[in-house]
């Protein structure tokens, strides 16, 4: 690679190094001073805008837009506080460019750039320039800061001769800074990688907005970080389009979302919705649990047909031999099968969702009943207006409304699915394609908590049912008129008699009733992200799916509805698929929606996992699929993985000792104990001392020691990992080898394996050490 020199504030070269740090400190301090000025000016403008109450509707809209703009700018300035400037490029022509989190310009000097935003095209050489292809760059400098103080620099002189001599990591940029970041202890929160983005990651981050980009990469390749930085990049380059439609980032679980929650804010981006599939249905917390066989069944595409059939089953007609009798005006009207069938046919032909098509069904039924009643009275005696009155009375009649509710009820998605799950007859009708055993898996009693696998089915039901908001809009109009009447009443009270001095302004001279009503109405000025999170029908400008291999076919249907433009970044690794309903190939996932119109990007370098651990994981990957190529590890720690066997009866006590030894080894780092689901309850006491307080649950993000299943550990990383009962992990699922592969690749420094029986053959590389805590 390039010739690298490291300059620290305690370097042995004394004066020269101190001078270099001083020069950089002077420049960085000037950048912070400019940020402080901009922040002060923006805060003043925001305060002025907020003092302006606004008069007309347009003025209030302008005020709200200005408020949002200034607030967002202040958030971006605050996000840039840590690590404002992290790099410098020295070009062959003598020019120099500083790289940082935001762009700063000299307004007094033709807007010359003082600091280049890392996302700007001019900043790309910082990530892509190499000795073989320098792109005009002579030196790349990484600037390390602590708060606002420069504490060191790492220089790379892009020298082809030096690169050929070094050989091993010629494709890495900023190796010293990168390895320092990789070797740092984990804190429980993912950090951004804006200062250490590598070339293959940069290509993915800056790929175009349109179409579906699949980012395939093994453990430790930085898939998640790349996806989040891609979101920041797209918001920077397509802000006008994405600021109104928003970006959705979907992760595998709530712990993962907490783990990554600070990355985008640290990059100055807040207009992003983070969600799990289980949270995609607003107002619902899908935290229930169910057998994996049930979750897998609910994830199959056939369930879309089951839900559709369940809706059709609720569109009923009377028994052929027993028409419905409806007392009306001293007469008994008969709603028979023929009337209902004709009405149902016309309602279905309208192609409207169930709840909206009910209006067609009701109109046809009421029309037929009105004709029937007119025949009883004598049609020749009735005018068209009389028939209109009869139809209006029938619409308001309780008996007619009850009949309509029985034959074509207004349904909510939750009501539809709850009724389906609780009724064997309904299941038998709607799920004819399933076996009796599969239908039995769906059965559950009313009131049972919703599970994550239910959410795509609820979403499917919501699409098929629709929402008739006629009454809601009518209610909103009534409230508007009541507010208007109240405002007019207030103005009437403020009126004075006719003898008032004509030069004195009256209340009505200043404000009209509708203006007063609007001024005192409750209005919410939410961001696009806040509105999107609360609206099931919101369509996003871009969707990023992390750990995408875990999503079921039904989950993909729900996601595709939220992105009709099909502008998506799909991030994952097929070799890590653990969910039974997950994917076995990207083509299988995407072809139903985009055919072959998707592109693949491969991440091939493993930054997280040391070579000593990567070799063990590679054996498991080979057992999964010999054709899969493991990512290349770029560092070694000199610490071989350790393994030990414990009798099952001594597992808890022995593991507690091993945990204590590992905690002593990693200092302030984080340790994860990964075990099969069947052992989690038995091992809970192992991590109890790490809980925040007596009786409080362990914080899976912040605690130093955590006990997790492999599914819970997806996407996370720890300084040290102890994998308990690897054979149990293999046996717990048909995709147990995938789960074991995930478990072995969560560690950044140390790995231990504890087995209670024979060590699985796939881990044969591990030798039984004399000291189980070998270091």
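In UniProt numbering, the protein residues as written are 1 to 775.
For each residue, glycine too, the CB sits at the ideal point set by N, CA and C.
Sub-8 Å separation of residue i and residue j beta-carbons
i, j, result
"residue 173", "residue 127", "yes"
"residue 286", "residue 299", "no"
"residue 750", "residue 662", "yes"
"residue 326", "residue 403", "yes"
"residue 100", "residue 115", "yes"
"residue 651", "residue 756", "yes"
"residue 303", "residue 560", "no"
"residue 669", "residue 720", "yes"
"residue 394", "residue 328", "yes"
"residue 208", "residue 603", "no"
"residue 574", "residue 249", "no"
"residue 456", "residue 288", "no"
"residue 446", "residue 418", "yes"
"residue 204", "residue 601", "yes"
"residue 158", "residue 196", "no"
"residue 535", "residue 318", "no"
"residue 744", "residue 723", "yes"
"residue 605", "residue 631", "yes"
"residue 314", "residue 409", "yes"
"residue 643", "residue 612", "no"
"residue 746", "residue 684", "no"
"residue 732", "residue 678", "yes"
Straight-line Cα distance separating residue j from residue i
i, j, result
"residue 411", "residue 458", "12 Å"
"residue 103", "residue 568", "27 Å"
"residue 530", "residue 267", "19 Å"
"residue 465", "residue 305", "14 Å"
"residue 241", "residue 235", "8 Å"
"residue 349", "residue 384", "27 Å"
"residue 453", "residue 276", "11 Å"
"residue 714", "residue 259", "11 Å"
"residue 863", "residue 461", "In the structure as shown, the chain begins at 1 and stops at 775. Residue 863 is therefore absent and cannot be evaluated."
"residue 35", "residue 45", "15 Å"
"residue 693", "residue 703", "Its pLDDT being 42, under 50, residue 693 is placed unreliably by the model, and the measurement read from it follows with that caveat. Near 11 Å, if we compare the C-alpha coordinates of residue 703 and residue 693."
"residue 589", "residue 674", "29 Å"
"residue 440", "residue 727", "30 Å"
"residue 19", "residue 212", "49 Å"
"residue 422", "residue 363", "32 Å"
"residue 764", "residue 637", "21 Å"
"residue 593", "residue 548", "15 Å"
"residue 37", "residue 77", "11 Å"
"residue 290", "residue 451", "7 Å"
Closest Cα partner of residue i within the set the options
i, options, result
"residue 372", "553, 385, 390, 356", "390"
"residue 97", "150, 37, 68, 27", "27"
"residue 635", "607, 620, 641", "607"
"residue 570", "226, 133, 141", "226"
"residue 333", "314, 234, 397", "397"
"residue 759", "738, 752, 725", "725"
"residue 222", "212, 201, 214, 213", "201"
"residue 228", "156, 146, 342, 119", "119"
"residue 270", "68, 335, 380, 292", "68"
"residue 272", "542, 764, 558", "542"
Buried/exposed call for residue i, threshold 16 Cβ in 10 Å
i, result
"residue 785", "What is shown of the chain runs 1 to 775, which leaves residue 785 out entirely."
"residue 540", "buried"
"residue 716", "buried"
"residue 111", "exposed"
"residue 778", "No statement about residue 778 is possible, as the shown extent of the chain runs from 1 to 775 and does not include it."
"residue 210", "exposed"
"residue 537", "exposed"
"residue 695", "Per-residue confidence for residue 695 stands at a pLDDT of 44, beneath the threshold of 50, marking its modelled position as unreliable; the derived number appears in the next sentence. Per the 10 Å Cβ criterion, exposed."
"residue 739", "buried"
"residue 585", "exposed"
"residue 244", "exposed"
"residue 322", "exposed"
"residue 599", "exposed"
"residue 150", "buried"
"residue 377", "exposed"
"residue 355", "buried"
Cutoff 8 Å: residue i Cβ touching any chain C Cβ
i, result
"residue 621", "In the displayed structure, chain C is absent; only one protein chain is listed."
Every unbroken alpha helix (DSSP H) within the stretch 570 to 608, with a cutoff of 4 residues, ordered by chain: 586 to 594
4-residue-minimum alpha helix (DSSP H) runs that sit fully inside the stretch 51 to 111, ordered along the chain: 57 to 79
Contiguous beta strand (DSSP E) assignments of at least 3 residues, all confined to the stretch 211 to 295: 212 to 217, 247 to 251, 272 to 276
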